[in-house]
Amino acid sequence: MMLGFLLAALLPGLYWDQGPKTADVVRQAGIDRVFVPAGQEGAWKTAGIDAQPFDASKFVKLPAPGVERRMNVAAATSMPWVNGNGWRINRDGRRQYYYDVRWRTAALAAAEAYVYGADAVVHPEPRDLTAFGQMLAFLKSVDQPALPVMANIAIIDDGSEETGEVLNLLSRRNLLYLIVRAPDTAYDLNVQIGTKDFPKDAALDPSAFATLVRQKLTDEKRLLRIYGSEVVLGKVNGDGQRLRVHLVNYGGGKVDGLRVRVRGTYQHGKLAAFGIKNPALADYEPADGATEFTIPEMGAYAVVDLEK
Amino acid sequence: MDRRTFLQATAAAPVALAASLHEDLPKYQIVSRYQPAAQPGMPGAYPGKVARVHAGKAIDEPSEKVDAPTVREMISQGMRALTGDADARDSWARFFNSADVVGIKVNCSGAPGIMSTPEVVGEIVRNLGVVGLKPNQIWIYERFQNQVASVHYDSFVPAGVHIWTAEHDRGSIAGYDPNTYVDVNFFGEEDTRSNMARVVTEHFTKIINVPNMKDHGAAGVTGCLKNIAYGSFSNVARSHSGFKTNTYSFIGTLASVEPLRSRTVLAIMDGLRGVWHGGPFSPSRKFRFYPKQMLFGTDPVSIDRLLLDVIDDKRKAEHATSVWDRSMAHIKSGRGYDNNPSVDRFVREPGHIEYASTLGLGVYEIDRIQVRKIEL
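Protein chains in written order, with the numbering used here: chain A, 1213 to 1520; chain B, 269 to 644.
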């Protein structure tokens, strides 16, 4: 296990192209800063909303987050395929990212960008403005100085498509990794494609490769396990005394009961869950070098803060 | 050794014994804080003993109308034959008293075509009332809400009897006990836990298992063992992938987990209807048949051993492949299985019943099973 440092979290921005006449709607959504089509920023400022011109050429466009069903592709079973961008952002956190998302996905995109610390702008379907604003308000309410990112696996990224797909699969299986420049024995497992333990040929099947990584790491050592959903991906930050577990639900609906296991014994835990009133952890069990708890219900995003 | 590790080691002992006989089996980790009863419900008070009651007028085949008075008599005679009592009330009182909270594990996976017959369940509830249980001490339970909703058990039992399902929305784990589970990785799936239903661990003192007589594409047949095992745990369909299943060892392993094993004290196999192909589902009557019988016992292995012959004999009579057939020549993906009794979806694992016997769940050898036959 190793701690890697994350810069302060950013809140995603809104790209809004519905014109300054919708300023009241934007304001009602709790949003006071927007990206707008070039040339409109003056009118928006007149309407009382801080606006900057949006230049798509400066942003890397990300696929819409969510899930799709691909029988017998994602795994041996019919588990859904999660379209998550955490691995892309992990790969290059210095870029600026842009989401152009369909209805009912803007809040998820905002949560994903926040969790992975992306400098991102979201262009929602107009009907999603309220949900996007609610997510921004939720993110502000849970935001705190970032703790170091925690990972089991140090992986050297050669920039290839194969390694990208491996990163994708590791993310999808909640095998927490950090991209490093050289092997580091402080981690539970070092992965460098093209070595004896991880031959290049093996990476041609990213799913099998992720399974190989999991076998070598062992489930017992994993910092994070999630039970009860195949569409919730996690990220963990911590400093030894405190742990913050981010959980992003890509499924589109609510998850009814999610069991989480983290490595380390933490006596206290607190849940915040987007869209859920009075959320509280259930069946909290710190024991045997691990802590387990149940999230009774969650929407697009939940965050759990643990303390020793 | 800490508490959890101790409990795991205790619970895993019989599995470890069986696994030593089958070294290629998946590695199961059982986590439970429950200790076995002095005499676990399975195989219970009557290992190797089964009462079989057949009644020609139990169900009218064309209409599938059940004759409730005949069902009442079948259950009375079956229970008396199992226990040796002259009065059925005494038979029921051997298992249940007014302090119990009883779960009735119905099977609704083939509903509304085939399920634990409401008239049978109603008669079981009535007998529990006779020995002093109030309606609110009785729970009819199953995993999936949409299946149970199609049966309308509430029309056959007194008000106050609970009708409970673990998963109102498919895949939800809210109805399961996070501290009682089997952890196993079959095919690299991420969620490696199957948790026991909360009502089993937290509410019930006893369980009555009410399976049907059905063929099963993966397990070979589905009877007592599969109904109580796959019907009381979450996340079990993961045991099948491609043409291979792990039903051979998973069913018995789940059934052996405490407190399920100790609390399941009685099995009443409802064979008024049966399914000889396509099970556990029964969307049409094409593969339905009518054994018109019920089996009574405490030993799930012995009852299921008899079930194997019922299903295999019927399949032979219909010129279908045997439940024992493991030839890949008959296995096809797609929907051919639904209409062709010579097509299988998986390599069937009827050996799961014998495997369960190696976990101490009952008597498998046919010549050691004592069957008391009653014809009405």
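Idealized CB from N, CA, C, for every residue including glycine.
None of the values given here were measured: they were computed from a predicted structure.
Host beta strand (DSSP E) of residue i (start-end)
i: W1293/A; result: 1293-1295
i: S462/B; result: 461-465
i: E1177/A; result: What the structure shows of chain A is the stretch from 1213 to 1520, and residue 1177/A is not part of that stretch, so it cannot be assessed.
i: Q1356/A; result: Run containing Q1356/A: none; DSSP gives neither H nor E here.
i: Y1496/A; result: 1494-1499
i: G1481/A; result: 1480-1485
i: I408/B; result: 406-412
i: K1273/A; result: 1272-1274
i: T473/B; result: Looking at the DSSP string, T473/B is not in any beta strand (DSSP E), and its letter there is neither H nor E.
i: Y1389/A; result: 1389-1392
Below-8 angstroms beta-carbon distance, residue i vs any chain B residue
i: D1396/A; result: no
i: E1373/A; result: no
i: E1442/A; result: yes
i: N1380/A; result: no
i: A1287/A; result: Only weak support is given to the placement of A1287/A: the predicted model assigns it a pLDDT of 37, under 50, and the value that follows is read from those uncertain coordinates. It does; some Cβ of chain B falls within 8 angstroms.
i: D1370/A; result: no
i: D1495/A; result: yes
i: N1461/A; result: no
i: A1330/A; result: no
i: E1377/A; result: no
i: P1508/A; result: yes
i: R1385/A; result: yes
i: T1423/A; result: yes
i: E1280/A; result: no
i: A1512/A; result: no
i: E1337/A; result: no
i: E1519/A; result: no
i: E1324/A; result: no
i: F1217/A; result: Here the model assigns F1217/A a pLDDT of 39, short of 50, so the residue's position is not dependable, and the following value carries that caveat. So no, F1217/A is outside the interface.
Residue from the options with nearest C-alpha to residue i
i: N1380/A; options: A1420/A, T1234/A, D1267/A, L1341/A; result: A1420/A
i: F511/B; options: I475/B, G485/B, Y558/B, R553/B; result: G485/B
i: V399/B; options: V370/B, E643/B, D483/B; result: V370/B
i: L293/B; options: G520/B, G565/B, R594/B; result: G520/B
i: V299/B; options: N447/B, A379/B, N395/B; result: N447/B
i: Y1496/A; options: M1510/A, E1509/A, Q1479/A; result: Q1479/A
i: E332/B; options: I408/B, G539/B, S625/B; result: G539/B
i: P548/B; options: G381/B, R636/B, T532/B, V321/B; result: G381/B
i: S550/B; options: D606/B, M537/B, L528/B, L574/B; result: D606/B
i: H620/B; options: D635/B, I579/B, P609/B, N514/B; result: N514/B
Within-8 angstroms CB hit, residue i to chain A
i: E458/B; result: yes
i: I642/B; result: no
i: L275/B; result: The predicted model places L275/B with a pLDDT of 44, which falls under 50 and marks its position as unreliable, so this point remains unresolved.
i: A281/B; result: Residue confidence for A281/B is low, a pLDDT of 45 falling below 50, so the modelled location carries little weight; the figure read from the coordinates is stated next. With 8 angstroms as the cut-off, A281/B does not count as an interface residue toward chain A.
Paired residues, beta bridge with residue i - DSSP
i: Y1439/A; result: R1471/A
i: D653/B; result: With chain B covering 269 to 644 only, the question about residue 653/B has no answer from this structure.
i: F1505/A; result: V1472/A
i: E435/B; result: F412/B
i: Q1308/A; result: D1331/A
i: G491/B; result: Beta-bridge pairing links G491/B to no other residue.
i: L1455/A; result: G1450/A, L1518/A
i: V299/B; result: Y449/B
The alpha helix (DSSP H) enclosing residue i, as first and last residue numbers
i: D580/B; result: 568-585
i: P1265/A; result: Unbroken run through P1265/A is the beta strand (DSSP E), 1262-1266; no alpha helix (DSSP H).
i: K1428/A; result: 1418-1429
i: N375/B; result: First-last for N375/B: undefined, no H or E at that position.
i: A1366/A; result: Where A1366/A is concerned, there is no enclosing alpha helix (DSSP H), although the beta strand (DSSP E) it sits in stretches over 1365-1368.
i: S1409/A; result: It is worth fixing the name first, because residue 1409/A is Asp in this sequence and not Ser. Unbroken run through D1409/A: none, as it is neither H nor E.
i: I343/B; result: 336-351
Closer than 7 angstroms: residue i CB and nearest the ligand COA heavy atom
i: Q1453/A; result: Within the structure as shown, the ligand COA is missing, as the structure has no ligands at all.
Using Cβ-Cβ distances below 9 angstroms, what residues of the stretch 426-460 of chain B are close to chain A? The stretch 426-460 of chain B vs chain A, Cβ under 9 angstroms: E435, H436, D437, G439, S440, I441, A442, G443, Y444, D445, P446, N447, Y449, D451, N453, F454, F455, G456, E457, E458, D459, T460.
Output, in sequence order along the chain, the residues in the stretch 1460-1486 of chain A whose CB is closer than 9 angstroms to any CB in chain B. G1465, K1466, V1467, D1468, G1469, L1470, R1471
May I ask you to list, following chain order, the residues of the stretch 1430-1455 of chain A that have a beta carbon less than 9 angstroms from some beta carbon of chain B? D1431, R1437, I1438, Y1439, G1440, S1441, E1442
Please identify, using Cβ separations under 8 angstroms, the residues of the stretch 1251-1274 of chain A that lie next to chain B, in order along the chain. Flagged: no residues at all.
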